[in-house]
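Novice: Before we start, here is the structure in question, set down as structure tokens.
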Amino acid sequence: MDYLELCRRFYIWIIDALPDLANCSIATQQRFINLIDVLYDQDKRLILLGERPLREHLGGDAIDLARTRSRLGQLVDVGPAL
């Protein structure tokens with residue numbers, strides 16, 4: 426997926442039903458990290474919707490998750506799932 430091209434088209438991003446990353450494959454965790462990196466670098470707005478607090482969704486084994494947690498703190502509006 427070309428996140429840079431999508432960033433050129435959309436300023437606000439909404440991710441609904443955010444899964445627990447600890448239950449996702451390393452490849453899925455890495456794709457999420459890559460998306461967050463691009464959104465952060467492109468100064469986009471992100472809205473995450475999940476059933477629990479964000480920190481509970483961000484478990485996992487991918488190496489860069491600590492940086493992603495920090496970046497999400499600067500990017501995200503958090504709300505309950507719809």
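Residue numbers for the sequence shown follow my numbering, beginning at 426 and rising by one. Yeah, the Cβ is synthetic: ideal placement off N, Cα and C, and Gly gets one too.
What does a CB cutoff of less than 8 Å around R494 pick up in its chain, not counting 5 residues either side in sequence?
Specialist: On the sequence shown, residue 494 is found 69 positions in, with the first residue counted as 1. Excluding residues within five positions, the ones whose Cβ falls inside 8 Å are R480 and L483.
Novice: How far does the alpha helix (DSSP H) with L431 in it extend, from its first residue to its last?
Specialist: As a first step, residue 431 is located in the sequence shown; it is residue number 6 there, counting from the start. Here the alpha helix (DSSP H) through L431 covers Y428 to R434.
Novice: What is the residue span of the alpha helix (DSSP H) that R470 lies within?
Specialist: Translated into the one-based positions of the sequence shown, residue 470 becomes position 45. That residue, R470, is in no alpha helix (DSSP H); its beta strand (DSSP E) goes R470 to G475.
Novice: Among W438, N448 and A442, whose alpha-carbon lies nearest the alpha-carbon of I461?
Specialist: Start at 1 with the first residue of the sequence shown, and residue 461 comes out as number 36. It is W438.
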